[in-house]
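As structure tokens, the structure follows; a few thoughts come after it.
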């Protein structure tokens with residue numbers, strides 16, 4: 004199958020935030036740890052580690068998944084987006100800016116996961132209601148109970164991004 | 004929290020999978036969506052020495068239709084049904100929205116859920132109500148097992164070590180007018196497993212007579228259960244509030260819950276009663292609305 008295996012480790016090739024990267028990983032290595040430890044991108048957090056909290060959410064081929072519940076080897080040959088890929092040239096992504104403006108966080112630990120889940124939501128929806136935002140983030144826990152401002156931020160980001168599209 | 008070490012295989016062909024199963028059988032686990040398997044491996048509740056990742060088999064990711072049967076490939080993810088409402092099987096859409104949370108639904112599969120055989124899983128109850136069958140294959144044979152004969156015990160199915168689930172078949176009611184369904188779930192928090200889950204689906208003729216009825220129950224037995232007696236009470240009768248109440252109490256009797264941290268046996272049984280009544284009543288209202296509109 005053309006896999007490189009060295010000392011029981013498998014070479015995993017991914018495109019992460021548009022960049023091609025590879026590293027060796029044991030089959031049991033979870034994607035969240037591969038991203039943090041092997042690729043050095045520590046924006047993706049690990050929270051509950053039991054598929055509950057969603058702070059480790061990344062986009063796998065554009066689809067938000069809990070990266071503590073995917074094996075790194077499963078991501079071989081696939082496309083990953085993490086929170087590091089949102090901003091460009093020191094500029095915040097409109098969604099990040101909206102989180103900033105609306106204080107869509109308290110401690111900030113859940114923020115990367117919230118941003119990745121809602122990034123996919125914004126891409127895939129034409130209009131967005133508060134209910135839809137709340138449903139979409141129902142797999143992302145914020146233990147500071149700060150959902151109100153997060154929802155506000157996502158709705159505002161949608162509005163702003165819509166305006167930008169109309170200008171173009 | 005890492006799983007124990009294992010050998011990982013990602014076969015590109017069905018033959019390769021069956022070869023591996025033939026060779027390693029008992030030692031293997033099949034990785035489909037992984038949303039139950041990987042957490043269990045991380046908690047070291049299971050520690051397979053061989054993991055066979057079947058996600059490379061793209062032909063199992065399809066929904067096809069033939070001869071009044073909907074065939075759902077083993078790798079079709081839960082989220083598919085969250086966005087698709089097939090009016091001939093509305094229960095799929097009704098149920099999908101209640102499974103875990105959106106992130107888990109993006110990854111988890113129907114085939115994986117059935118093979119895992121958690122008594123609290125939502126698909127188990129829904130697909131029992133839909134009288135689905137499971138397509139099972141090994142290197143030597145393929146067989147079709149009615150879901151009502153598939154679950155043996157908690158986390159145990161009729162699957163042999165060399166076999167795997169390749170898909171699910173659901174009968175379609177082509178000739179009938181109205182199909183209504185509800186999935187009702189009591190959960191302690193969003194995304195949790197059911198404390199009690201009830202799936203109801205009905206086919207009604209223009210006079211409101213029940214042509215076909217399915218009632219599946221989650222988390223109130225060692226396996227997902229079909230309320231067979233309750234279903235038979237509906238068959239061939241016009242749906243009335245009295246009948247619905249009778250059927251609901253029958254379904255509660257057929258349930259077999261145990262007292263645990265999530266609730267007492269009595270409480271869960273009472274919830275089955277409430278949910279079956281609520282579900283059937285809602286379907287009845289759907290039908291009445293439809294008749295008003297078309298009248």
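Residue numbers (my numbering), protein chains in the order written: chain A, 4 to 171; chain B, 4 to 298. Ideal Cβ placement from N, Cα and C applies to all residues, glycine included.
Suppose you measure from the CA of residue i to the CA of residue j; what does that come to, to the nearest Å?
{"i": "residue 247(B)", "j": "residue 232(B)", "result": "13 Å"}
{"i": "residue 4(A)", "j": "residue 25(B)", "result": "In this predicted model, residue 4(A) has a pLDDT of only 48, less than 50, meaning its place in the structure is not dependable enough to derive any value."}
{"i": "residue 293(B)", "j": "residue 242(B)", "result": "15 Å"}
{"i": "residue 40(B)", "j": "residue 66(B)", "result": "24 Å"}
{"i": "residue 154(B)", "j": "residue 117(B)", "result": "9 Å"}
{"i": "residue 90(B)", "j": "residue 24(A)", "result": "45 Å"}
{"i": "residue 13(B)", "j": "residue 79(B)", "result": "18 Å"}
{"i": "residue 269(B)", "j": "residue 263(B)", "result": "11 Å"}
{"i": "residue 36(B)", "j": "residue 295(B)", "result": "43 Å"}
{"i": "residue 60(A)", "j": "residue 191(B)", "result": "23 Å"}
{"i": "residue 226(B)", "j": "residue 71(B)", "result": "28 Å"}
{"i": "residue 230(B)", "j": "residue 134(B)", "result": "12 Å"}
{"i": "residue 96(B)", "j": "residue 130(B)", "result": "12 Å"}
{"i": "residue 164(A)", "j": "residue 165(B)", "result": "52 Å"}
{"i": "residue 156(A)", "j": "residue 106(B)", "result": "20 Å"}
{"i": "residue 54(B)", "j": "residue 7(B)", "result": "11 Å"}
{"i": "residue 19(B)", "j": "residue 56(B)", "result": "11 Å"}
{"i": "residue 27(A)", "j": "residue 7(A)", "result": "9 Å"}
{"i": "residue 9(B)", "j": "residue 10(A)", "result": "13 Å"}
{"i": "residue 46(B)", "j": "residue 238(B)", "result": "45 Å"}
{"i": "residue 84(A)", "j": "residue 271(B)", "result": "43 Å"}
{"i": "residue 96(A)", "j": "residue 62(A)", "result": "16 Å"}
By the three-class DSSP mapping on this structure, what secondary structure does residue i have?
{"i": "residue 70(B)", "result": "coil"}
{"i": "residue 188(B)", "result": "strand"}
{"i": "residue 69(A)", "result": "strand"}
{"i": "residue 268(B)", "result": "helix"}
{"i": "residue 102(B)", "result": "coil"}
{"i": "residue 114(A)", "result": "helix"}
{"i": "residue 26(A)", "result": "strand"}
{"i": "residue 159(B)", "result": "strand"}
{"i": "residue 150(B)", "result": "helix"}
{"i": "residue 166(B)", "result": "coil"}
{"i": "residue 4(A)", "result": "Interpretation of residue 4(A) is limited by its pLDDT of 48, a score under 50 that renders its predicted location unreliable; the figure taken from the coordinates is listed afterwards. Here residue 4(A) sits in coil by DSSP."}
{"i": "residue 15(A)", "result": "strand"}
{"i": "residue 133(B)", "result": "coil"}
{"i": "residue 286(B)", "result": "helix"}
Suppose the cutoff is 6 Å on Cβ atoms and the five residues either side in sequence are ignored; what does the same chain contact list for residue i look like?
{"i": "residue 56(A)", "result": "50, 144"}
{"i": "residue 167(B)", "result": "33"}
{"i": "residue 188(B)", "result": "101, 197, 200"}
{"i": "residue 108(A)", "result": "114"}
{"i": "residue 228(B)", "result": "220"}
{"i": "residue 73(A)", "result": "34"}
{"i": "residue 208(B)", "result": "214"}
On the premise that residue j lies in contact with residue i, defined as a C-beta separation below 8 Å, what is that separation, rounded to the nearest angstrom?
{"i": "residue 204(B)", "j": "residue 217(B)", "result": "5 Å"}
{"i": "residue 86(A)", "j": "residue 119(A)", "result": "6 Å"}
{"i": "residue 1(B)", "j": "residue 128(B)", "result": "What the structure shows of chain B is the stretch from 4 to 298, and residue 1(B) is not part of that stretch, so it cannot be assessed."}
{"i": "residue 94(B)", "j": "residue 132(B)", "result": "6 Å"}
{"i": "residue 170(B)", "j": "residue 84(B)", "result": "Incorrect: roughly 15 Å between the Cβ atoms, too far for contact."}
{"i": "residue 111(B)", "j": "residue 103(B)", "result": "7 Å"}
{"i": "residue 142(B)", "j": "residue 59(B)", "result": "In fact, because the Cβ distance is near 18 Å, the residues do not count as touching under 8 Å."}
{"i": "residue 254(B)", "j": "residue 275(B)", "result": "6 Å"}
Considering only residues of the same chain and omitting the five flanking positions on each side of residue i, which have a CB-CB separation below 7 Å?
{"i": "residue 158(A)", "result": "131, 133, 136"}
{"i": "residue 281(B)", "result": "187"}
{"i": "residue 69(A)", "result": "54, 57, 59, 60"}
{"i": "residue 308(B)", "result": "Since the first residue shown for chain B is 4 and the last is 298, residue 308(B) is missing from the structure and cannot be characterised."}
{"i": "residue 161(A)", "result": "125, 131"}
{"i": "residue 52(A)", "result": "71"}
{"i": "residue 76(A)", "result": "13, 15, 28, 30"}
{"i": "residue 240(B)", "result": "212, 213, 246"}
{"i": "residue 46(A)", "result": "85, 86, 87, 115"}
Given residue i, which residues of its chain have a CB within under 8 Å of its CB, disregarding the five upstream and five downstream residues?
{"i": "residue 147(B)", "result": "136, 137, 138, 139, 172"}
{"i": "residue 150(A)", "result": "137, 140"}
Task: Whole alpha helix (DSSP H) elements within the stretch 12–85 of chain B, 4-residue minimum - done: Whole alpha helix (DSSP H) segments, 4+ residues: 17–27, 40–45.
Task: Those runs of the beta strand (DSSP E) which lie wholly inside the stretch 177–242 of chain B and span at least 3 residues - done: 181–189, 199–207, 213–221
Task: Within the stretch 72–133 of chain A, ranges of the beta strand (DSSP E) (whole runs, at least 3 residues) - done: 81–84
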